[in-house]
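Laid out in structure tokens, this is it:
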């Protein structure tokens with residue numbers, strides 16, 4: 243359905259369209275229903291010419307953002323102070339009412355300019371919608387880089403500590419394991435940084451394979467990896483960590499035909515602790531367990547005050 247515009251409104255819309263190539267210009271009535279929109283609104287899967295009923299501006303927003311957008315628009319139409327730009331996701335496909343695919347969701351920003359009739363009575367608004375998908379994507383990428391280790395792709399120390407704080411806020415008690423490949427410094431000095439990086443990358447992928455559903459893995463620093471083991475008892479966590487250590491030693495053992503004098507002897511060790519008190523205290527206890535495991539020759543799992551061979 244198309245609703246005709248006055249000469250003044252048409253002139254305003256024409257001017258806005260000239261200045262904002264690529265943006266979507268929308269004319270709303272005083273209740274927030276779309277009276278007119280620039281032709282490029284079809285990019286959102288909306289065809290006003292075929293609509294039997296006027297769509298509401300909130301129909302453009304994804305379902306979980308419709309109420310938020312409605313509040314913003316209602317306040318503007320009521321003559322409230324300018325609210326600036328507001329951002330919301332749009333399901334940009336022909337079946338927007340039912341589609342929930344991530345690839346169909348695009349982010350837009352909306353700003354409104356209230357209009358009044360000759361008597362000064364609020365008479366809807368002119369809106370400008372602008373795509374901010376590229377900005378949102380860039381923000382997401384920057385956030386991912388900020389919380390991800392560039393070598394392994396795992397969460398980094400900052401992200402892991404934030405996760406521990408959430409566990410502690412909910413009462414704590416989860417088991418935490420810190421793993422490290424034994425003698426990494428010697429391996430680095432003998433084979434170089436490239437080989438050391440390959441070993442760390444391989445161990446990270448191995449941990450991901452051994453992790454159970456719900457486990458959270460992170461790289462704390464250049465050679466230490468941490469895993470949160472929710473819903474595991476201390477005995478279950480120890481058995482799982484011992485399996486990780488023993489299996490890695492078996493997989494990394496040189497082949498019988500290899501020159502054992504030149505082939506690296508790769509093993510790993512682990513320290514266990516329970517999430518208690520603070521993040522620093524929890525990590526310190528797990529680190530102490532790792533120190534004990536390595537002091538016993540490596541290829542072991544230990545907790546502070548207790549040590550048991552893998």
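In the numbering used here, the protein residues as written are 243 to 552. C-beta: ideal position from N, C-alpha, C; glycine also. Since the structure is predicted, the reported quantities are computational estimates derived from the model, not experimental observations.
Could you check where the beta strand (DSSP E) with residue i kicks off and where it finishes?
i, result
"residue 347", "347-358"
"residue 372", "364-373"
"residue 295", "Premise fails: residue 295 is in no beta strand (DSSP E) and is neither H nor E."
"residue 361", "Premise fails: residue 361 is in no beta strand (DSSP E) and is neither H nor E."
Determine the direct distance from the alpha carbon of residue j to that of residue i, and round the result to whole angstroms.
i, j, result
"residue 423", "residue 400", "21 Å"
"residue 304", "residue 298", "13 Å"
"residue 375", "residue 348", "6 Å"
"residue 427", "residue 377", "42 Å"
"residue 453", "residue 418", "13 Å"
"residue 537", "residue 332", "57 Å"
"residue 462", "residue 525", "10 Å"
"residue 514", "residue 438", "25 Å"
"residue 350", "residue 294", "25 Å"
"residue 373", "residue 292", "24 Å"
"residue 546", "residue 392", "31 Å"
"residue 360", "residue 264", "31 Å"
"residue 290", "residue 301", "13 Å"
For residue i, which residues in the same chain have their Cβ closer than 7 Å to its Cβ, ignoring the five residues on either side in sequence?
i, result
"residue 340", "Note that residue 340 scores 49 on pLDDT, short of 50, meaning its location in the model is unreliable; the coordinates nonetheless yield the value given after this. Taken in chain order, the list of residues that qualify is empty."
"residue 491", "509 and 541"
Below 6 Å CB to CB, which residues in the same chain sit around residue i once its five sequence neighbours on both sides are set aside?
i, result
"residue 508", "494"
"residue 472", "416 and 456"
"residue 328", "314 and 352"
"residue 394", "443, 446 and 461"
Measuring alpha carbon to alpha carbon, tell me which residue in the options is nearest residue i.
i, options, result
"residue 397", "460, 416, 356 and 357", "460"
"residue 369", "315, 416, 321 and 361", "315"
"residue 272", "311, 319, 292 and 307", "319"
"residue 355", "330, 274 and 394", "274"
"residue 527", "420, 491 and 539", "420"
"residue 269", "282, 286 and 366", "366"
Note the first and the last residue of the continuous alpha helix (DSSP H) segment covering residue i.
i, result
"residue 280", "Looking at the DSSP string, residue 280 is not in any alpha helix (DSSP H), and its letter there is neither H nor E."
"residue 435", "435-452"
"residue 484", "476-494"
"residue 312", "308-319"
"residue 524", "521-537"
Less than 8 Å between C-beta atoms, sequence neighbours within five positions excluded: which residues of the same chain meet that for residue i?
i, result
"residue 516", "414, 415, 416, 417, 418, 476, 524 and 527"
Exercise. Are three or more beta carbon pairs between the stretch 444-451 and the stretch 463-475 nearer than 8 Å?
Worked result: Contact between the stretch 444-451 and the stretch 463-475 is present, because at least three Cβ pairs lie under 8 Å.
- Task: Report yes or no: do the stretch 513-524 and the stretch 403-416 share at least 3 C-beta pairs separated by less than 8 Å?
- Result: Below 8 Å, enough C-beta pairs join the stretch 513-524 and the stretch 403-416 to call them touching: three or more.
Would you check if the stretch 426-433 and the stretch 472-484 touch, i.e. whether three or more CB-CB distances between them fall below 8 Å?
By the C-beta criterion, the stretch 472-484 is judged not to be in contact with the stretch 426-433, since fewer than 3 inter-stretch pairs fall below 8 Å.
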